[in-house]
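Q:
Protein chains: 2
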Amino acid sequence: MTDTFSAPPSDKARLEEGSELTPRFDAAGLVTAVVTDAGDGAVLMLAHMNAEALQLTIETGLAHYWSRSRDRLWKKGETSGNMQRVEEIRLDCDQDAVLLKVRVTGHDATCHTGRRSCFYRRVEKTAGGGVHLVSDAEPPKFDPDQVYGKN
Amino acid sequence: MTDTFSAPPSDKARLEEGSELTPRFDAAGLVTAVVTDAGDGAVLMLAHMNAEALQLTIETGLAHYWSRSRDRLWKKGETSGNMQRVEEIRLDCDQDAVLLKVRVTGHDATCHTGRRSCFYRRVEKTAGGGVHLVSDAEPPKFDPDQVYGKN
Numbered sequence: 001m002t003d004t005f006s007a008p009p010s011d012k013a014r015l016e017e018g019s020e021l022t023p024r025f026d027a028a029g030l031v032t033a034v035v036t037d038a039g040d041g042a043v044l045m046l047a048h049m050n051a052e053a054l055q056l057t058i059e060t061g062l063a064h065y066w067s068r069s070r071d072r073l074w075k076k077g078e079t080s081g082n083m084q085r086v087e088e089i090r091l092d093c094d095q096d097a098v099l100l101k102v103r104v105t106g107h108d109a110t111c112h113t114g115r116r117s118c119f120y121r122r123v124e125k126t127a128g129g130g131v132h133l134v135s136d137a138e139p140p141k142f143d144p145d146q147v148y149g150k151n
Numbered sequence: 001m002t003d004t005f006s007a008p009p010s011d012k013a014r015l016e017e018g019s020e021l022t023p024r025f026d027a028a029g030l031v032t033a034v035v036t037d038a039g040d041g042a043v044l045m046l047a048h049m050n051a052e053a054l055q056l057t058i059e060t061g062l063a064h065y066w067s068r069s070r071d072r073l074w075k076k077g078e079t080s081g082n083m084q085r086v087e088e089i090r091l092d093c094d095q096d097a098v099l100l101k102v103r104v105t106g107h108d109a110t111c112h113t114g115r116r117s118c119f120y121r122r123v124e125k126t127a128g129g130g131v132h133l134v135s136d137a138e139p140p141k142f143d144p145d146q147v148y149g150k151n
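Chains A and B supply the protein sequences, listed in that same order. If you use full-length UniProt numbering, the first sequence corresponds to residues 1 to 151, in order. If you use full-length UniProt numbering, the second sequence corresponds to residues 1 to 151, in order.
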């Protein structure tokens, strides 16, 4: 495995229409990753990858990210057991975003709250003209206190 | 309509389990938006929103973003006619990402290359142990030169 990707070409057509994987990492060295369930297409989470995380994800077939909160490489599911087996990786037009289609192991839960998806609240308008968040009724698939330990 | 959102609470439980919409905009004042087709769930694009773009999206039901390349508010489809009617807006656990479920008008194309989705290339391993990008066979739904003008 090479441990770096080639620099993005300055030629826009080559970047957008070419066959070369040249991720456009941002100033922090990251690209954004959208993660969906390969089965039903549900959006499970949004995360970030540095070059090493993307390289490891391609190489091992298990999703790796860069945790911005913990400032370290993060093999998804290393604590919870909810690993992500990657079935497909896609790049967007200007190669600064990655789409992962995955099968989740363990509890089939991706969110640290124990839910299947991190997107468990929708925006709804209130009678008073404002907005609020309404949670899905679906109960969590695991107890975070039990899986991660109480702080 | 108020033109600002409340600051995110310092209490993690309130941020993650509460009903208050308190987006966690980054240092550049942006949250990331994942956009899917409300019909079949296909991931169409990834973009960014500042407070005004999110507010306008909620208020008008049409997706607005902040264009980082053009450094200005961007009503999606203002040039191409491929607007996005928003059917649902979701927030992720820590409220720094938004999921929009949309119906695309016009050519039913979201990408500036004329394709339905920006994620039209998948990563595949090559016989030599490397990787390359393979484009979907689906032809573009519009001609960018015609829609945006050459250059």
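The beta carbon of each residue, even a glycine, is placed where N, CA and C say it ideally should be.
Which residues, in chain order, does the stretch 17-30 of chain B contribute to contact with chain A at a C-beta distance below 8 Å?
A: E17, G18, S19, E20 and L21
Q: Please classify K12(A) as buried or exposed, where buried requires at least 16 other C-beta atoms within 10 Å of its C-beta.
A: exposed
Q: Mind pulling the chain B residues with CB within less than 9 Å of F119(A)?
A: At a beta-carbon threshold of 9 Å, the residues of chain B lying near F119(A) are V34, R90, L91, D92, C93, A97, V98 and L99, ordered along the chain.
Q: Counting C-beta neighbours from all protein chains within 10 Å, is the total for T2(A) 16 or more, i.e. buried, or is it exposed?
A: Residue placement at T2(A) cannot be trusted, given a pLDDT of 46 that sits under 50; the coordinates are not used to answer.
Q: Hey, how far is the Cα of Q84(B) from the Cα of D71(A)?
A: 35 Å
Q: My output table needs one value for K76(A): the three-state DSSP class, helix, strand or coil.
A: coil
Q: Give every residue of the same chain whose Cβ lies closer than 8 Å to the Cβ of A38(A), excluding the five residues on either side of it in the sequence, and list them in chain order.
A: Only residues of its own chain outside the window of five on either side were considered, and among them E87, E88, K101, V102 and R103 have a CB closer than 8 Å to the CB of A38(A), listed in chain order.
Q: Taking only three categories from DSSP, how would you classify S19(B)?
A: In the structure shown, S19(B) adopts coil according to DSSP, grouped into three states.
Q: Is A47(B) near F5(B), with beta carbons less than 9 Å apart?
A: Taking 9 Å as the cut-off, the beta carbon of A47(B) is found no closer than this to the beta carbon of F5(B).
Q: Name the chain B residues whose beta carbon is nearer than 9 Å to that of T60(A)?
A: Think of a sphere of 9 Å around the beta carbon of T60(A): no beta carbon from chain B falls inside it, the nearest being about 12 Å out.
Q: Nearest CA to the CA of I58(A): which residue from G77(A), R90(A), G18(A) and A42(A)?
A: R90(A)
Q: In whole angstroms, give me the CA-to-CA distance for D145(A) and E78(A).
A: 16 Å
Q: If you draw a straight line from the alpha carbon of L15(A) to that of L133(A), how long is it in whole angstroms?
A: 39 Å
Q: With 16 other CB atoms within 10 Å as the buried threshold, where does residue 154(B) fall?
A: The displayed coordinates of chain B run from 1 to 151. Any statement about residue 154(B) would go beyond what the structure contains.
Q: Compare the C-beta of R70(B) with all C-beta atoms of chain A and state if any pair is closer than 9 Å.
A: no
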